[in-house]
Structures are given as C-alpha cells and as structure tokens.
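Novice: Chains as they are written, first to last, in the working numbering: chain A, 146 to 567; chain B, 981 to 1122. Don't be surprised by glycine CBs; every beta carbon is placed ideally from N, CA and C.
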Amino acid sequence: MTATDTHRTIDAVWRIEAAKLIAGLARMVRDVGLAEDLAQEALVAALEQWPETGIPEKPGAWLMATAKRRAIDHFRRGQMLNRKHEELGREFEIREQTVPDFDSALDDEIGDDLLRLIFTACHPVLSTEARLALTLRLLGGLTTDEIARAFLVPEATVAQRIVRAKRTLAEAHIPYEVPRGAELAARLAAVQQVIYLIFNEGYSATSGDDWMRPALCEDALRLGRIVARLMPQEPEVHGLAALMEIHSSRSRARIGPAGEPVLLLDQDRSRWDQLLIRRGLAALARAEKLGGARGPYVLQASIAACHARAVRAEKTDWAGIAALYAELARVTPSPVVELNRSVAVGMAFGPAAGLEVVDGLTREPALAGYHLLPSVRGDLLMKLGRVDEARAELERAASLTRNAREREMLLERVRQCEPKPN
Amino acid sequence: MRFMMLMIPGGYENAAPGTMPDPKAVTAMMKYNEELQKAGVLLALDGLHPPSAGMRVSFKSGKPVVRDGPFAEAKEVIGGYWMIQVKSKEEAIEWAKRCPGSPNEVVELRQVMEMDDFSEDVKKAATGYTELKERAAQQAGA
C-alpha cells in the first residue's frame, strides 16, 4: 500500500469510527472538548504509525486504546490545572482498569454514547453556526477544512467556532446526558433543526460550488438515518429521514442541461431515484405506524411523498397535499405554509379557490418583500383570465427577486401575458 | 458514491433450491447489517435464491433462449448484495472488510454508475428515450 493509499484508508476509517470513538471517550472523561482532543491525538498516532505497521485488524479498538492511554498520560502529568479534571483523572484510571474495553461495549452503550454526543453538539446554548460545525466535526467526521469549504467560510473561522463551542459547553456546565421527559421534545427539535439545516445547505448548492457542498446532503441524510436508528420510537425522526430521502431522490432532475434549476412540476420524473423514494416512503410508514399527532417533519414528508408517488405531474394528489398543508398550518402556523397551501388549493379546487387563500395574505408583513407571493397570485390570476392584473403581479415579483434566473423566468411569464397580435 | 458489495459464496453455484444458510452465520450477518444501518450507510440489501432455482436468458443467436439453472459454466455466483453510500472507494473497502465472511466466501466491490459517469452519446441516448415515452403516452391518450 502506498503512503497515499494508507492516508485515504485512514480517512475512511476515521469517517467510520470517529463518532463512536469521541462518544465513548466523552462518556469516560465527561467533557466533549477533551474527548475530541484525545480522539485527534489517536488519529495523529494512527497517521504516524499505520503507514509502517499497516492498518490494524480492529482499527476502532486501536484508536480507542490509544486515546485512553493519552487520557491517562494527560491526567497523570497534571496538565489539567482544573482540580475537577485531576479528580476525574484518578476516577478514570480506576474505572478504566475495570471497565470492559471498546470491543465488548454493548450496542446499547454505544447507542447511548452517540445520543449523548448528538444532543450535546446540538445544545441550544450554542449558536447555530457552532452547532453545525460541532455536529459535522464530531459526528460527521469532517475535518475543519472540509466544513469550511462546505459553508464557504475560511478554515480559521470554523476552527474558532469549534474552539468557542467547546469552551461554551464546558463553562455552561452542560450535564453530559440524554435529555428526558419534558425536555426531550425541545432538545430533539434542536437536533433535527441542525440536521435539516445541513441538508438544506447542501440542497441549495449549485453546480459551480465545491463538491463538499452537495455532499452535505449525504452527510445530513447519514446523520438523519443514524438518529432514526437510535431513537426509533420518535415519529419525527423518521419524518425527517423520509423528507431528506425524498428530496434527495430528485437531485438528478433538479438541474437542467444549462445548469438552470428545474421546477418540481417540470422535472423529468424518470430521473427521480426510486431507491431513495422507496426508502423515504418506508421511513414515513414507520412514523405513521408509531401513531400520535403528526409533527411538522412527518407532515412535510407526507407532502413530499404525495409528489413522489405521482408518476407524472398531472397525477399529483393535490387535494391530499392541500389537506396536509392545512394540518401543517395548525401545527406550525406561518404565512409561507399558507402560501404553499394556496398553491395546492388552486391546483385541487381551481384558481378561484386558491386566490381566496392568497388574498388573505396580501397584507401579511412577513411576506412583504417576498417575491413568491405576487408570483403565486399572478399565476392564479392568469389562470382566471385576469391578464392585466396577472401581468402587474408578475412584474412586481420579478422586481422583488434577487435571483437572475428567477427574474428571467418571471419576465417570461409576463411576456406570455402580452396580448398577442391578431 | 454508491458501491455494491456482492457476496459470492463458494459452492452456491451448486446449491439445491431452498438451501438455507447456517443459523450462526445468519446471526453474525444480521449484526453486520445492523452496523451498516446504524452507520447510516446502508441503502439496500437482499439475499438471492440459488441458481438452481433460477434461469438464464442468452442472446447468442439474436433471439432470447431461456435455460433453467444450475449452470455448469458458472464457477462463481452471487448469493446476495448490499448497496452502500460512502465517500470513497477506501470507505467501501473498509466496510467490506468488516463483513463476517466465512472462509469460502468472497465479497466483490463494484462502484455503481451515476449518470455523470456515462459518455455523452450514452447520456443522449438515455435522455431521448424518456421524451419518446412521454410523447407516446400522450398520443395513446394515457
């Protein structure tokens, strides 16, 4: 094996083992920052030794054993000036002589370790950017450079965010545990928000971007699947996984030959990945089987599923989608949800019905500068034959959007409103 | 990147229909499958009935000819597959190495082709087809 091959293999091993390694260490030393530092030291050791010795048969166990030795060294040398850490060090040494090693750790323990890590990385005390960086670093196994490229920021910025995040967690004395009871719902929502933000960052990437950006969708999907396995009794985790699987299924149909975005209703559905659709529908079924009131992710996934099930755009169950948006509006009321509902209502029950819903939003302050409001209204007016009003709305929409391609598409629709010469 | 891991069990080319794997091996394999799931990398997996329960369709004469298995010319056959989502060939290899294969089993790794892998004329051939289908469907008043 060449040196490059070995490095690439070590990268691959790291992607597979990092989260479990850090999670297990964090349980032992009860400090996420320290756990990550120890894991990094183990990685450095691997990079130094494995090119000579070859990849060990059980790389995860090797890394854990190395990290634990480093931990004992740290505590012995008293590098932790903090008395708490000295005490921890003594406890740690005693415990580690009796605790079973990494390989024999029970599945449940590893699962709990990972959950603790996920909940801590996504703790609400951290800023959103900090949570994103920490999650991708600790759970995604991404390097600082990879995270920086993914979010289009300098590497130093990401490094700083991570350092500050660890310090915030330590100073806030966040108990290192999986939240329970009343707290769980809110904390789980925070985890899901982080995962979905990562996904959307990747989903919004354009073809010119660094390939790390669209790869974020895969990272998010992977994290979503992991959480779904770890918390199978929570319907919303299956909902989020379903939503991401189904959105991902369209990635090859979303871009046209000139790199332009293709609207959902215009997409070539034969390019939709049926494997991912099947996975998404299966995840949604798991959520539905768990019963209970449907949460926002399950509802959004259900809407995506309606589209996914339609072999052609004309076969879309618009009435079903309209009903789902109505339910979503009750669960997470928002003008944007209502706007989406108006589109579905228009498709299901005719443009007049849709217009009635939109007209309820024209005074909505949150939508004041939002180009999609006049865009939707213009569309419906055009279908009702109210051409002059339609033209005015579409021109307004074109003036509000900052996206050149969107503007072009809207102006094209304005041109379609022009009276044709006889 | 997607990879298929193809399980090639030695002797499966001669296995009788209804051959079942050894329960101990099954337990180990289920644990492995669970690892793949928990890591969020598993996309799909299936086991396949042996060739003795299958058929081959060949096209040597230009016309399809069907034969029942087993197939004397087959030295190695596929017993099952996993499809995984990974970031590199090395990651696929690492996962394959973790498979609890027995001494007479081999796992073959094959990268799944994505549209971008195809040459321009293949892509064109593939694109034109879907438009053709659409038009045919419209004409048939579907």
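Measure the CB-CB distance between Ser-487/A and Val-476/A and report whether it falls below 8 Å.
Specialist: Locating residue 487/A in the first sequence gives position 342, where the first residue counts as 1. Locating residue 476/A in the first sequence gives position 331, where the first residue counts as 1. When the beta-carbon positions are compared, Ser-487/A and Val-476/A stay at least 8 Å from each other.
Novice: Mind pulling the chain A residues with CB within less than 9 Å of Met-1095/B?
Specialist: Here residue 1095/B refers to the residue found at position 115 when the second sequence is read from its first residue. Simply Arg-397 and Arg-416.
Novice: Tell me whether the beta-carbon of Ile-319/A lies closer than 8 Å to the beta-carbon of Val-372/A.
Specialist: Counted from its first residue, the first sequence places residue 319/A at position 174. Counted from its first residue, the first sequence places residue 372/A at position 227. For Ile-319/A and Val-372/A, no; Cβs fall outside 8 Å.
Novice: Along the alpha helix (DSSP H) that carries Asp-524/A, what are the first and last residues, could you check?
Specialist: On the first sequence, position 379 is the one that residue 524/A refers to. Looking at the DSSP string, the run of the alpha helix (DSSP H) that includes Asp-524/A is 517–528.
Novice: From the DSSP output, in three-state form, read off Leu-1022/B for me.
Specialist: Position 42 of the second sequence, counting from 1, holds the residue named residue 1022/B. Of the three classes helix, strand and coil, the one that applies to Leu-1022/B here is strand, per DSSP.
Novice: Look at Leu-368/A and Ala-449/A and say whether their C-beta atoms are less than 8 Å apart.
Specialist: Within the first sequence, numbered from 1, the residue matching residue 368/A stands at position 223. Within the first sequence, numbered from 1, the residue matching residue 449/A stands at position 304. In this structure, Leu-368/A sits away from Ala-449/A, with a CB-CB distance that is not shorter than 8 Å.
Novice: Are three or more beta carbon pairs between the stretch 390–401 of chain A and the stretch 320–330 of chain A nearer than 8 Å?
Specialist: no
Novice: Check each candidate in Arg-1036/B, Trp-1062/B, Ala-1005/B and Phe-983/B and name the one with the smallest Cα separation from Ser-1082/B.
Specialist: What you label residue 1082/B is simply residue 102 of the second sequence in a count that begins at 1. The shortest Cα separation from Ser-1082/B among Arg-1036/B, Trp-1062/B, Ala-1005/B and Phe-983/B belongs to Ala-1005/B.
Novice: At a Cβ cut of 8 Å, what residues of the stretch 146–162 of chain A count as close to chain B, listed as they run along the chain?
Specialist: Asp-150, Arg-153, Thr-154, Asp-156, Ala-157, Val-158, Arg-160 and Ile-161
Novice: What number of angstroms, rounded off, separates the C-alpha of Glu-483/A from the C-alpha of Gln-338/A?
Specialist: The residue labelled residue 483/A in the question sits at position 338 within the first sequence. The residue labelled residue 338/A in the question sits at position 193 within the first sequence. Computed Cα separation, rounded: 21 Å.
Novice: Between Glu-363/A and chain B, is there a C-beta pair that is closer than 8 Å?
Specialist: For this step, residue 363/A is matched to residue 218 along the first sequence. Yes, contact with chain B.
Novice: Can you tell me which residues form a DSSP beta bridge with Tyr-1061/B?
Specialist: As a position in the second sequence, residue 1061/B is number 81, starting the count at 1. Leu-986/B and Asp-1026/B.
Novice: Applying the 10 Å Cβ sphere with the 16-neighbour rule, what's the burial state of Asp-364/A?
Specialist: If you number the first sequence from 1, residue 364/A lands on position 219. So Asp-364/A ends up on the buried side.
Novice: For the alpha helix (DSSP H) holding Val-1037/B, just list the boundary residues, first then last.
Specialist: Position 57 of the second sequence, counted from the start, is the residue given in the question as residue 1037/B. Annotation: Val-1037/B is outside any alpha helix (DSSP H); the continuous beta strand (DSSP E) that includes it extends over 1035–1038.
Novice: In chain order, which alpha helix (DSSP H) runs of at least 4 residues are fully inside the stretch 294–369 of chain A?
Specialist: 300–316 and 326–348
Novice: In terms of residues, what are the limits of the alpha helix (DSSP H) holding Gln-378/A?
Specialist: Within the first sequence, numbered from 1, the residue matching residue 378/A stands at position 233. In the DSSP assignment, Gln-378/A falls outside any alpha helix (DSSP H), carrying neither H nor E.
Novice: Mark Trp-356/A as exposed unless 16 or more other C-beta atoms lie within 10 angstroms of its C-beta, in which case mark it buried.
Specialist: Along the first sequence, read from residue 1 onward, the residue named residue 356/A stands at position 211. Exposed, by the Cβ-count rule.
Novice: Report the start-end ranges of each beta strand (DSSP E) in the stretch 380–439 of chain A that is 3 residues or longer and not cut off at the edges.
Specialist: none
Novice: Using only the alpha-carbon positions, how far apart do Gly-404/A and Val-1046/B sit?
Specialist: Translated into positions along the first sequence, residue 404/A becomes position 259. Translated into positions along the second sequence, residue 1046/B becomes position 66. Those two C-alpha atoms are separated by around 45 Å.
Novice: Let me confirm a value: Asp-218/A is counted as buried when at least 16 other C-beta atoms fall within 10 Å, else exposed. Which label applies?
Specialist: Along the first sequence, one-based indexing puts residue 218/A at 73. Counting Cβ neighbours within 10 Å, Asp-218/A comes out exposed, since fewer than 16 surround it.
Novice: DSSP three-state label for Leu-283/A, please.
Specialist: Looking up residue 283/A in the first sequence gives position 138. In the displayed model, Leu-283/A falls within a helix according to three-state DSSP.
Novice: Would you kindly report the start and end of the unbroken beta strand (DSSP E) that includes Glu-1088/B?
Specialist: As a working mapping, residue 1088/B is identified with position 108 in the second sequence. Note, Glu-1088/B: beta strand (DSSP E), 1085–1091.
Novice: Might you give, ordered along the chain, the residues of its own chain that have their beta carbon closer than 6 Å to the beta carbon of Ile-161/A, omitting 5 neighbours on each side?
Specialist: Here residue 161/A is taken as the residue at index 16 of the first sequence, counted from 1. Within the same chain, and ignoring the five residues on either side of Ile-161/A in sequence, no residue has its Cβ closer than 6 Å to its Cβ.
Novice: Nearest by alpha-carbon distance to Ile-155/A: which of Met-527/A, Glu-551/A and Glu-202/A is it?
Specialist: Locating residue 155/A in the first sequence gives position 10, counting from the first residue. Considering only alpha carbons, the answer is Glu-202/A.
Novice: Per DSSP, what kind of secondary structure is Val-1006/B in: helix, strand or coil?
Specialist: To locate residue 1006/B, count along the second sequence from 1; it is residue 26. Residue state, collapsed to three classes: helix.
Novice: Tell me the residue span of the beta strand (DSSP E) that contains Val-1045/B.
Specialist: In the second sequence, residue 1045/B corresponds to position 65, counting from 1. Per DSSP, Val-1045/B belongs to the beta strand (DSSP E) from 1045–1048.
Novice: Which one of Thr-211/A, Ala-537/A and Glu-553/A has the shortest CA to CA distance from Glu-563/A?
Specialist: Residue 563/A sits at position 418 when you count from the first residue of the first sequence. Measuring from the Cα of Glu-563/A, the nearest candidate turns out to be Ala-537/A.
Novice: Looking only at its own chain, which residues have a Cβ that is under 6 Å from the Cβ of Gly-169/A, when we skip the five neighbours before and after it?
Specialist: As a working mapping, residue 169/A is identified with position 24 in the first sequence. Excluding positions up to five away in sequence, the list reads Asp-258.
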